[in-house]
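So the sequence shown is numbered by full-length UniProt numbering: it starts at 1 and just counts up by one.
In what follows, a single structure is set out as structure tokens and then discussed.
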Amino acid sequence: DAAQFKLPGSSDFLSKLEMYDSVSIQMSSFSFNPFLGESNENITSTVASLSLRSKTGEIHLENLTESIQILLPQINYDNSSWRINTSGNPVTSQFNITDSNSTVILAVEPNKNITIQVLLSSGYLPNATNYDYSKFLHWEPSVVLCNSTQVGYRWLLTPELLSVGSGNWHVLITPFNLSNGESVTLRVLIFTSTTYCAYWFSFQLLRNRGCQEQVGLLSQPWLTECLCNHLTFFGSSFFVLPNQVDLSRTAEYFATVTKNPVVVILLSVFFGLYLITVIWAWNADKKALKKRKLTVLDDNHPCAQYYYMLKVETGHRSGAGTSAKVQATLLGSEDQSEPHHLNDPDKPVFERGGVDLFLLSTAFSLGELQNIRLWHDNTGGHPSWYVDKVVVQDVQTRQCWHFLCSTWLSSSKGDRMTDRTFNPAKKNEITSFSNIFQSKATIGFRDEHIWISILDPPKRSPFTRVQRVSCCMCLLLCTMAINIIFFNLPADSSSPVLISIGSVKITWQEIMIGIESGLLMFPINILIITIFRNIRPRQSRDKEKDREESSTESPAAATLNTLLEDAEELVTTLSKNKKNNVAALEKRMESWEDLCSALECVNGVIQRMQGVAQISRFLLFLSCKLSFAKFCLTAEAPSLLSSADGSSTDLHWTVCSQFVLCSLHCLAETLGKVGVKAFPSPVERSSSPAPKKKTSSGCWLPWWFVFVGWFLLISISGISTFFTLLYGFFYGKDSSIKWVMSLALSLFQSIFILQPLKVVGLAIFFALILKPVEQVD
């Protein structure tokens with residue numbers, strides 16, 4: 001399998017050597033590319049060099065008038081690709097041209113020394129009167145190199161000859177001038193490749209410089225002839241195109257299903273498993289949909305309109321979920337929240353591996369968060385709780401605090417404590433490699449690893465299990481199609497056998513075919529999955545109606561005690577924040593006089609606000625109904641009413657005004673139910689007390705893009721299924737069984753090697769380079 005050089009006999013070449021007394025020849029031949037690290041070219045032939053040396057050093061030969069002939073064996077040639085015809089009838093075949101640089105080698109080996117006529121046409125089947133090219137092939141003793149087979153019947157179809165048309169080319173091969181009753185056996189090989197010659201100069205690969213643009217006419221599927229005018233390291237490349245199938249014979253191929261049911265049975269099994277898995281996934285999605293919600297805490301103050309989002313992550317370790325009732329308190333630099341029960345009557349919370357979102361409201365901003373206190377009542381069948389992480393976000397300012405808990409709240413595990421206080425993590429702790437890598441790797445296996453994510457996807461992801469199962473099926477079908485198209489290409493005879501089970505042998509080349517098929521899956525995989533993962537869920541009209549009905553429900557029956565309790569709560573809440581400068585109540589409110597005193601305290605807060613006219617209207621109304629003369633604000637009312645649309649630049653006073661307005665509105669409604677008949681200037685209560693959350697910076701696709709995703713998925717799956725069946729019938733039963741083995745390796749590599757490597761690689765990249773800070777979606 002070594003290369004061969006033929007030096008020219010011209011006077012130009014010999015004249016360059018006459019000046020030397022003696023000339024030595026040094027030749028090197030490699031069955032691999034020794035410059036692989038220095039080049040991105042796909043060199044597939046033997047790499048060889050020839051140098052002439054004198055006593056003083058190397059003789060440089062360049063720009064010769066007659067070319068040096070270099071014959072380079074191809075490493076990956078397999079003579080099993082020959083097509084055998086024993087009938088003696090004309091042989092038809094075809095090949096496909098997609099690259100303008102493609103070279104086609106048509107080789108015929110008859111068992112007799114006869115003349116063969118070859119007709120060639122582009123786009124149609126040639127006959128004796130209608131064709132594009134014609135050639136008679138005769139016996140011409142060929143050079144016996146690099147292979148034991150002699151081929152004297154050969155036609156090298158150059159890119160210039162094939163430039164008249166692209167796409168399908170048809171070939172008609174006819175034995176010529178056979179006598180009656182004479183039979184002949186023809187072995188036919190049509191080898192399509194993109195081939196060229198290249199050489200290295202100072203470790204840099206150069207293509208077609210000093211060598212002819214085309215390969216020589218002696219080139220064979222197993223041999224490349226290069227003609228160059230200098231000496232250095234030489235190599236050639238064959239980019240082998242996929243196997244070609246005549247689509248016009250599709251019905252003929254499909255008619256062989258009874259003889260070759262291997263691919264049909266395999267696809268039937270996969271589609272059956274797919275239907276079973278889809279049914280399970282659909283039921284699992286229905287259950288998960290009930291859990292996919294933001295929980296607005298029931299014990300939020302109805303008039304508190306400063307919001308905090310709590311994202312609580314429960315660990316994945318065994319027994320991490322809890323049945324106990326969990327409570328939380330936020331402590332800030334300016335205020336402290338009331339204890340809140342973190343529960344939801346409509347769905348279970350704090351399940352193993354779960355992520356729960358809660359909306360907690362306070363009357364005022366708590367300032368910079370100092371800590372969060374978490375505790376539970378240790379009730380239920382499994383009260384122990386492993387809390388992994390808590391992220392608190394100020395909805396108004398989008399500021400986030402991260403609490404890296406990673407501990408048990410349990411009376412029987414860890415340090416046996418059910419009540420803990422956690423401080424916010426520092427920036428270097430949040431962006432540490434271990435924290436980001438653990439977070440991204442966990443999310444990656446649950447979301448990015450398409451196969452594993454079917455079992456346990458993120459709870460709040462719009463990418464449903466049904467869509468994930470369908471994407472896996474599409475990925476599987478694409479893997480099968482690409483694998484079978486590239487299957488049974490010329491094999492590397494030197495490829496080692498890694499696994500041998502009886503008559504079944506798996507070589508290193510078959511493993512490489514599986515790896516290439518897996519790598520080709522990523523573009524299709526990413527396209528469809530990205531669409532499904534980034535679709536904004538469609539808003540349900542029923543939910544919108546329920547929300548409107550719930551917002552218009554009538555308040556509960558009111559009494560004088562209810563009125564006093566609401567006023568007492570208003571003053572107590574205002575007194576907790578130092579900016580309001582409101583004194584705490586010394587005793588409980590019991591009479592109308594106490595109510596008037598409370599409203600006078602509220603009046604002091606309003607004096608420090610800038611133009612909140614709506615609140616002053618409520619105070620005027622309440623003071624008139626209570627006949628409390630000195631609280632009528634006769635002097636201040638005109639100025640306050642004249643600035644109805646004024647607003648403060650201080651976020652605290654803006655939130656305070658909303659809280660006071662809402663609270664006074666509730667007092668007015670309660671007062672009317674207690675005994676007041678008329679309301680002189682009613683002000684509509686805001687239908688949306690919660691501030692609008694700022695739109696996430698992420699890019700979301702419109703909800704109807706789900707149809708685009710399904711169209712692409714079904715189309716690609718259908719096309720892949722068609723070509724898998726077509727090539728399976730084309731190959732035959734024995735080759736199909738061998739292909740199944742290669743497919744199994746490809747799937748194993750995709751699920752257990754490529755996908756995990758992708759997840760781990762991205763996690764390392766994020767942890768080392770990007771170091772993103774997690775936000776609450």
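Backbone N, C-alpha and C define an ideal beta-carbon position, used for all residues, glycine too.
Q: Below 8 Å CB to CB, which residues in the same chain sit around residue 420 once its five sequence neighbours on both sides are set aside?
A: 373, 374, 375, 405, 407 and 409
(Q) Tell me the rounded alpha-carbon separation between residue 389 and residue 314. (A) 7 Å
**Q.** Endpoints, the alpha helix (DSSP H) within which residue 272 is located
**A.** 262–291
Q) Hey, how far is the Cα of residue 133 from the Cα of residue 120? A) 5 Å
**Q.** Close beta carbons around residue 23, own chain, < 8 Å, minus the five adjacent residues each side
**A.** 17, 52, 53, 54 and 59
Q | residue 385 classed as buried or exposed, judged by whether at least 16 other C-beta atoms fall within 10 angstroms | A | buried
Q.
Let me confirm a value: residue 289 is counted as buried when at least 16 other C-beta atoms fall within 10 Å, else exposed. Which label applies?
A. exposed
(Q) Taking 8 Å as the threshold (C-beta atoms), are residue 602 and residue 660 in contact? (A) yes
Q.
Measuring only the C-alpha atoms, how far is residue 161 from residue 57?
A. 44 Å
(Q) Helix, strand or coil for residue 19? Go by DSSP, reduced to three states. (A) coil
**Q.** For residue 358, the first and last residue of its enclosing beta strand (DSSP E)
**A.** 355–362
Q: To the nearest angstrom, report how far apart residue 110 and residue 746 are at their CA atoms.
A: 39 Å
Q | For residue 479, the three-state DSSP class (helix, strand or coil) | A | helix
Q. Closest to residue 459 by CA distance: which of 252, 588 and 347 is it?
A. 347
Q) Do you know how far the Cα of residue 533 is from the Cα of residue 705? A) 11 Å
**Q.** Integer-rounded CB distance, given that residue 262 should sit under 8 Å from residue 728
**A.** 7 Å
Q.
Check this for me: beta carbons of residue 178 and residue 184, under 8 Å apart or not?
A. yes
Q | Euclidean distance between Cα positions of residue 713 and residue 329 | A | 47 Å
Q: With a 10 Å radius around its C-beta and 16 neighbouring C-beta atoms as the bar for buried, classify residue 224 as buried or exposed.
A: buried
Q | Three-state class that DSSP yields for residue 764 in the structure shown | A | helix
Q) Hey, out of 753, 302 and 467, whose CA is closest to residue 665's CA? A) 302
(Q) I need the boundaries of the alpha helix (DSSP H) containing residue 439, first residue and last residue. (A) 433–443
Q. In this structure, does DSSP put residue 417 in helix, strand or coil?
A. coil
**Q.** Cβ pair residue 437, residue 107 closer than 8 Å
**A.** no
Q) What are the partner residues of residue 226, as DSSP defines its beta bridges? A) 70
Q: Check each candidate in 400, 344 and 575 and name the one with the smallest Cα separation from residue 425.
A: 400
(Q) Taking its Cβ as the centre, do 16 or more other Cβ atoms sit within 10 Å of residue 105, making it buried, or is it exposed? (A) buried
Q) Which whole-angstrom value describes the C-beta separation of residue 740 and residue 266, a residue pair presumed to lie in contact below a C-beta threshold of 8 Å? A) 6 Å
Q | For residue 95, the first and last residue of its enclosing beta strand (DSSP E) | A | 91–97
Q) In terms of residue numbering, what span does the beta strand (DSSP E) encompassing residue 48 cover? A) 47–53
Q) Just checking, does the segment 455–470 make contact with the segment 365–372 on the three C-beta pairs under 8 Å criterion? A) no
Q | Beta-carbon separation (whole angstroms), residue 327 vs residue 310, contact threshold 8 Å | A | Actually they are not in contact, since the Cβ atoms of residue 327 and residue 310 sit about 12 Å apart, beyond 8 Å.
Q. Is the beta carbon of residue 92 sitting closer than 8 Å to the one on residue 64?
A. no
Q | Residue burial classification, residue 279 (beta-carbon count within 10 angstroms, cutoff 16) | A | exposed
(Q) Which of the three DSSP states is assigned to residue 751 in this structure? (A) helix
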